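S.K.:
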Amino acid sequence: QRTQISSNEGNILLAMSAIESHQFSSISAAAKAFNILKATLTRRVNRGISRECFTPRNKNLTQAEEEVLVREILKLDSQGL
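Numbered per the working numbering, the sequence shown spans residues 161 to 241.
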């Protein structure tokens, strides 16, 4: 799935570049040509940020806290708890 995400991200960047250089008259046409969802391309063109890079406002833990929590859960899981 990671390869598909990377490939999709590449297509999104190519589509955005094509739109900026006026190779397509609409976001719909670019989305269709690059085989990506129109809603995804519209969001990226308007806001410019990918979901992977987006941090929600209601996020309660820092990245470091999340990593510690995941590590502890995996440790407990490996012990059969």
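In this text, a Cβ means the ideal position worked out from N, Cα and C, and glycines have one as well. Source: prediction; values computed, not measured.
#1: Which term fits A175, buried or exposed, when burial requires 16 or more other beta carbons within 10 angstroms of its beta carbon?
#2: According to DSSP, is Q183 helix, strand or coil?
#3: Taking Cβ positions, are A178 and A193 nearer each other than 9 Å?
#4: Between which two residues does the alpha helix (DSSP H) holding N206 run?
#5: I need the straight-line Cα distance from Q239 to N168, nearest angstrom please.
M.R.: If we stick to the structure as given:
#1: Reading the sequence shown from its first residue, position 15 is the one you call residue 175. Per the 10 Å Cβ criterion, buried.
#2: Within the sequence shown, the letter at position 23 stands for residue 183. Note: Q183 maps to coil in three-state DSSP.
#3: Within the sequence shown, the letter at position 18 stands for residue 178. Within the sequence shown, the letter at position 33 stands for residue 193. Taking 9 Å as the Cβ cut-off, A178 and A193 qualify as a contacting pair.
#4: Numbered from 1 along the sequence shown, position 46 holds the residue referred to as residue 206. 198-207 is the extent of the alpha helix (DSSP H) around N206.
#5: Counting from 1 along the sequence shown, the entry for residue 239 is found at position 79. Counting from 1 along the sequence shown, the entry for residue 168 is found at position 8. Going from the Cα of Q239 to the Cα of N168 covers about 38 Å.
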